[in-house]
Structures are given as C-alpha cells and as structure tokens.
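Chemist:
Residue numbers (the UniProt record's numbering): 1 to 524.
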C-alpha cells in the first residue's frame, strides 16, 4: 500500500489563524509609512504585541523545478533576469518570498527620484525608509522646480513698512543644548528669525535645514550619480534669489560633508543660470578647504542650462559664473556634455575668446596694446583628462573650435558639435587641426555616408510586402559624383555594384511588373 505523494509547496502566503477583520486597516496604516516600496511587517509585529517571526513569508525559494532553482541560484543568470524586469513589476516580485525580496531590492532602489517638499528630509517615517534602502541607491534625482511656492517676496518691517535686507549665513551644526539655541538663532538674530518665520513659507525653512540634508545624504554611501533638476524659472526672476537657490546651498554642503566615495557623475538637467553660483565647489556659502576634495571625484559632467541674452557686455555675470564653475571641475573631467535650452548660446569651453567677455579697450590705445592678453578677461579652460566632449545648440567661431581641438589633441578621443552655428569661418577651418594631425584629409571621406533608398507605392488595403535586406551602396562613376555629401565617399568601386544592389532590393524587372499591376494607379 503506497502513501499519497505530498503536494508541492505553494508560493502564496498563508493567512495565520490570528487574523482579524481589523488587520487590513492596520496593515494599510503600516504600509502608508513605507515610502519606497518596502515589504510591510505583519500587523502583530507592527504594533509590538508579538515578536514571532514572519512565518507566512518563506525564507527560501521553494520550487519543485530543479531547473529554476539552478537558474535562480546562479548570480549571473539571476541578475540578468532582474535587470530586464520592468521597475514597476519589481515590487510584485519582492512579494513572492523573502529571497526574492532580498535579490530584487538592489535593482528596485538603485535609481531613486525625490521631489523636495517641506517634509522630505524631516519626516521620521521617510528617513527610516531611506535608512533601510539607502545603501542600494546608485542614482539620485533631486527635483525642485520653480513654482509660486518657491518665490520669495522682499522682507518688510511690519512696523515701518521698510525693506529689511537679509544676509544668509548657513548653519551647518545646530546647537545641541537649549542654552545654545537661545544664544544662536538660526538666521542671525531673533528679530530676523521671527520675521522670516512669519513672512516666508515652510518650504524655505526646510531648504535651509542643512543638518537634515547632511543626515539624508549620509544614508547613501554607494551613490555614484547625482542628478539635479530645477526647471521652470521665469525670466523676471533671473536676478532674484528663490527657495530653490537656498536648497542648492544646503544640497552642496551636504554633498561635501557626507561620505560619498563613489560619487563620480553629476548632471544638472536642467539648471537656471544663477544656480551654478550656489553650487560653486570653492569660495561659496558654507564652503571649507576640504570642499574641493569631494568635487575632485567628478569625472562626468552634464549641464542643460537655460539660455539668456549674452550679447551685451553688461550682462555677462552668468557667463563668468559658468566659466568659474567649469574651471573647478576641469582638472579631473573625462566626459563633458553641455546644452543650451532655448536660444543658442556661446561656447562655455572658449569663453576667453567670446567678444562679450573681452574687457573694453581704453580709447587711444595702440594696436600692439590691444594684441596683448587682457588681465581682466577670463583665462582659457584646459581639460587635461578630457576624452569625450559634446556641445549642443551653440553659436561660435571656427577659430574657437580649431583652438579647442588643437589644445586637447593629446587626450580628446571623441567630440561632437551638435546643432552648432558658426558666426565666422566654415567647418573646414574649424576642423583644420585634424588635417594637420593626420597629415591628410582622408578623415573627410569617412565623415558621412549616403545611399539611394528606393520608395515603393502600394495600395492602402494591400498587405505590406517584406523586402530583402537593404544593401549598402557606394556611388561610383556617374552624375551623382560631386553633388551633396557624395564627395566624401570613396570612388574605387564601379557602378556595377550599385546596379546589383538595386536589383537585390527591387527583385529584378519581374518584381517591378508585379508591383505596377497591383498599384492603385492605372499603369496598364
């Protein structure tokens, strides 16, 4: 007599006998504090009434398929699978069992986005959740758009109605004792502190809470890529300080004080022109001699900056801020991407050659005096380790491009001037250093490729035809030579190759006759 075979274990969670109708509401309250998608505790363990383990969650992967177990226990196969799982499905994967949750956690929380609000870095439940998953965060996106809530009106004295100036001094270390808090108010004096509390919104006070920023970034030890997004600044507010600027000061100080050894990439997508003033690595608000040590880790820098009028010499403050910001990162950068949002802007890589950045020439000075370098103008940027560079939506002279390529000829491996307009000269002059370095203009023939792509007309209700693969075609002798971009192609192949390629694409003359018979036009 044989005993019945045991049924395979189920992957579904079993409901404990201690369950009650009120557990659903308790679970929902507990889950409301889990802001990053963690697995909630059971109701019994959530309120502290019981310390039993979560027996309803299997600690091991129980499966009757040995093939699946071999697949799942292989690190390479398992990680390849989890990388392909959509991020919105990873929370469901984590609910299967404890091992699934442990393996999927690094993939779910490696990219985290935060929109700054008054309680972002002060809510205890949020900070507790960040403490649990912070070690898995590789990329952090800090969003703080310019809105009506970030606008800061002028401070007005309630008694006299006069404007009160506010000199901000960051408070990095708050007093630990009550006596220290009485002696050292947050904003310099008790009168100014009371005025700011009454007239400025809570978002401003959260943005100036530097210890909260430092505590939050200290929970991200493996952070390697920081993205900062501050879109939506109006033109009228370009020269006014807003809550976003105070948040950038706190963010920069937190990055400098927290332990972030793996931070190598910084992206400002996008940033307003004045924002770089508050992100300056050196000689900024609350900076220390050790501040430059953190920013020296940055190897990849991407900036999308809102454009602004730059033709007038009286409005070059933002260009000087940009020039100083890039100079601080220049010694260590290997990749640089810069893009102007909106109107075309000057090249940030050669602001020393921009006409608007040149100091005015004194009247009556000779030509030899003007030819000497001006002491008041910006110095040329030098990137000793730059390998890849891309500039988009800019306007510059061919001499600026030529000088930049020549100065970085020993390190630069790839560069791209996307949607760049030349004010003077042409692209042959701009790329002349390549000809001098290679000793010939052979690189021009490999710059671009063209081919003839056939166009077929077919009826609307006709099933689409599946043609053969398109073959590459190089034009040989013929009228096409010398027109458009064909002058960059090699001319060693004969016209027979192009004829064979067209026959392979169209399928010969018989295919053309069948096509014309089935066309919507009356070709018969």
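Positions of the beta carbon are idealized from the N, C-alpha and C atoms, including for glycine.
Less than 7 angstroms separating the beta-carbons of residue 116 and residue 247?
Modeler: Here the question's residue 116 lines up with position 116 in the chain shown. Here the question's residue 247 lines up with position 247 in the chain shown. Cβ distance < 7 angstroms, so residue 116 and residue 247 count as in contact.
Chemist: From 413, 67, 226, 412, pick the residue whose C-alpha is nearest to that of residue 298; which is it?
Modeler: For the purposes of this step, residue 298 is taken as residue 298 along the chain shown, with counting starting at 1. Per the Cα distances, 226.
Chemist: Going by C-alpha distance, which of 104, 341, 90, 137 is nearest residue 113?
Modeler: Position 113 of the chain shown, counted from the start, is the residue given in the question as residue 113. Taking only the C-alpha atoms, the option nearest residue 113 is 137.
Chemist: Counting C-beta neighbours from all protein chains within 10 Å, is the total for residue 252 16 or more, i.e. buried, or is it exposed?
Modeler: The sequence position of residue 252 within the chain shown is 252, counting from 1. Buried, since its Cβ has 16 or more Cβ neighbours within 10 Å.
Chemist: For a test of your reading of the model: does the CB of residue 254 fall under 6 angstroms from any non-hydrogen atom of the ligand SAH? Yes or no.
Modeler: This structure simply doesn't include the ligand SAH, nor any ligand for that matter.
Chemist: Do you know offhand how far residue 12's Cα is from residue 75's?
Modeler: Counting from 1 along the chain shown, the entry for residue 12 is found at position 12. Counting from 1 along the chain shown, the entry for residue 75 is found at position 75. Model confidence at residue 12 stands at a pLDDT of 45, short of 50, so the residue's coordinates are unreliable; what they give is reported in the following sentence. Near 24 angstroms, if we compare the C-alpha coordinates of residue 75 and residue 12.
Chemist: DSSP puts residue 390 in a beta bridge; with which residues?
Modeler: Within the chain shown, the letter at position 390 stands for residue 390. According to DSSP, which records beta bridges pairwise, residue 390 is partnered with 337, 416.
Chemist: Check residue 71 in the structure and name its three-state DSSP category.
Modeler: Mapped onto the chain shown, residue 71 falls at position 71. It is helical.
Chemist: Any idea what DSSP makes of residue 14, helix, strand or coil?
Modeler: Position 14 of the chain shown holds residue 14. Low per-residue confidence applies at residue 14: pLDDT is 45, beneath 50, and the placement is therefore not dependable, though the value from the model is reported in the following sentence. Three-state result, residue 14: coil.
Chemist: Roughly how many angstroms separate the alpha carbons of residue 229 and residue 150, rounded to a whole number?
Modeler: Counting from one through the chain shown, the residue named residue 229 turns up at place 229. Counting from one through the chain shown, the residue named residue 150 turns up at place 150. Rounded to whole angstroms, residue 229 to residue 150 spans 14 angstroms at the Cα level.
Chemist: Could you give the DSSP three-state label for residue 318: helix, strand or coil?
Modeler: The residue given as residue 318 occupies position 318 in the chain shown. Correct three-state label for residue 318: helix.
Chemist: Within a Cβ cutoff of 7 angstroms, which residues of the same chain sit near residue 341, ignoring the five residues on either side of it in sequence?
Modeler: In the chain shown, counting from the first residue as 1, residue 341 sits at position 341. 270, 304, 305, 306, 307, listed in sequence order.
Chemist: In the DSSP assignment, the alpha helix (DSSP H) including residue 245 goes from what residue to what residue?
Modeler: On the chain shown, residue 245 is found 245 positions in, with the first residue counted as 1. From DSSP, the alpha helix (DSSP H) with residue 245 extends over 243–257.
Chemist: Is the beta carbon of residue 377 sitting closer than 7 angstroms to the one on residue 400?
Modeler: The residue labelled residue 377 in the question sits at position 377 within the chain shown. The residue labelled residue 400 in the question sits at position 400 within the chain shown. For residue 377 and residue 400, no; Cβs fall outside 7 angstroms.
Chemist: Please go through the same chain and pick out, in chain order, the residues whose beta-carbon is closer than 8 angstroms to the beta-carbon of residue 152, but skip the five residues on each side of it.
Modeler: Indexing the chain shown from 1 puts residue 152 at position 152. Excluding positions up to five away in sequence, the list reads 200, 204, 240, 241, 242, 243.
Chemist: So does the stretch 423–438 actually touch the stretch 402–413, counting three or more Cβ pairs closer than 8 angstroms?
Modeler: Short answer: they touch.
Chemist: Select from 424, 425, 406, 427 the residue whose C-alpha is nearest the C-alpha of residue 437.
Modeler: Translated into positions along the chain shown, residue 437 becomes position 437. That would be 406, whose Cα lies nearest to the Cα of residue 437.
Chemist: Taking residue 139 as part of the beta strand (DSSP E), name the residues at either end of that continuous run.
Modeler: By 1-based counting over the chain shown, the position of residue 139 is 139. It spans 139–143 - the beta strand (DSSP E) in which residue 139 sits, taken as one unbroken run.
Chemist: Can you give me the C-alpha to C-alpha distance between residue 275 and residue 67, rounded to a whole angstrom?
Modeler: Walking along the chain shown from the start, residue 275 turns up at place 275. Walking along the chain shown from the start, residue 67 turns up at place 67. Residue 275 and residue 67: Cα-Cα distance of roughly 55 angstroms.
Chemist: Rounded to whole angstroms, how far is the Cβ of residue 295 from the Cβ of residue 329, which I believe are closer than 8 angstroms?
Modeler: For the purposes of this step, residue 295 is identified with residue 295 of the chain shown, where counting begins at 1. For the purposes of this step, residue 329 is identified with residue 329 of the chain shown, where counting begins at 1. Right, their Cβ atoms sit about 7 angstroms apart.
Chemist: Three or more beta-carbon pairs under 8 angstroms between the stretch 116–125 and the stretch 78–93, yes or no?
Modeler: They do not touch, by the three-pair rule.
Chemist: Which residues in the same chain have their Cβ closer than 7 angstroms to the Cβ of residue 440, if we skip the five residues on either side of it in sequence?
Modeler: As a position in the chain shown, residue 440 is number 440, starting the count at 1. So the list is empty, once near-sequence residues are dropped.
Chemist: First and last residue of the alpha helix (DSSP H) that includes residue 202?
Modeler: Your numbering for residue 202 matches position 202 in the chain shown. Unbroken alpha helix (DSSP H) run through residue 202: 202–207.
Chemist: Is residue 395 helix, strand or coil by DSSP?
Modeler: Walking along the chain shown from the start, residue 395 turns up at place 395. If DSSP states are grouped into helix, strand and coil, residue 395 belongs with the strands.
Chemist: Restricting to Cα atoms, I'd like to know which of 86, 63, 110 is closest to residue 99.
Modeler: On the chain shown, position 99 is the one that residue 99 refers to. Considering only alpha carbons, the answer is 63.
Chemist: Just grab the DSSP bridge partners of residue 156 for me.
Modeler: One-based indexing of the chain shown puts residue 156 at position 156. The partner list for residue 156 (beta bridge, DSSP) reads 163.
Chemist: Among 232, 89, 392, which residue has its Cα nearest to the Cα of residue 272?
Modeler: Position 272 of the chain shown, counted from the start, is the residue given in the question as residue 272. The option with the nearest alpha carbon to residue 272 is 232.
Chemist: I need the DSSP call for residue 279, collapsed to helix, strand or coil.
Modeler: To locate residue 279, count along the chain shown from 1; it is residue 279. Three-state result, residue 279: coil.
Chemist: If you reduce the DSSP assignment to three classes, tell me which class residue 268 lands in.
Modeler: Taking the first residue of the chain shown as 1, we reach residue 268 at position 268. Strand, per DSSP.
Chemist: Using 8 angstroms as the threshold, is the stretch 284–291 in touch with the stretch 314–325, meaning 3 or more CB pairs across them?
Modeler: The stretch 284–291 is not in contact with the stretch 314–325.
Chemist: Would you call the CB atoms of residue 537 and residue 268 closer than 7 angstroms?
Modeler: Residue numbering for the chain in the displayed model covers 1 to 524; residue 537 lies beyond these limits and cannot be assessed.
Chemist: Since residue 304 is in the beta strand (DSSP E), which residue starts that stretch and which ends it?
Modeler: By one-based count along the chain shown, residue 304 stands at place 304. From DSSP, the beta strand (DSSP E) with residue 304 extends over 300–306.
Chemist: Do residue 118 and residue 202 count as a contact pair if the criterion is CB distance below 7 angstroms?
Modeler: Taking the chain shown and counting its residues from 1, one reaches residue 202 at position 202. Taking the chain shown and counting its residues from 1, one reaches residue 118 at position 118. Cβ atoms of residue 202 and residue 118: closer than 7 angstroms.
Chemist: When you compare only the Cα positions, how much space is there between residue 208 and residue 442?
Modeler: Along the chain shown, read from residue 1 onward, the residue named residue 208 stands at position 208. Along the chain shown, read from residue 1 onward, the residue named residue 442 stands at position 442. So the alpha carbons of these two residues sit roughly 58 angstroms apart.
Chemist: For residue 157 and residue 171, what's the separation of their Cα atoms in angstroms?
Modeler: Taking the chain shown and counting its residues from 1, one reaches residue 157 at position 157. Taking the chain shown and counting its residues from 1, one reaches residue 171 at position 171. When rounded, the distance between both Cα atoms is 24 angstroms.
Chemist: Which residues share a DSSP beta bridge with residue 111?
Modeler: Counting from 1 along the chain shown, the entry for residue 111 is found at position 111. Answer by DSSP bridge pairing, in chain order: 139.
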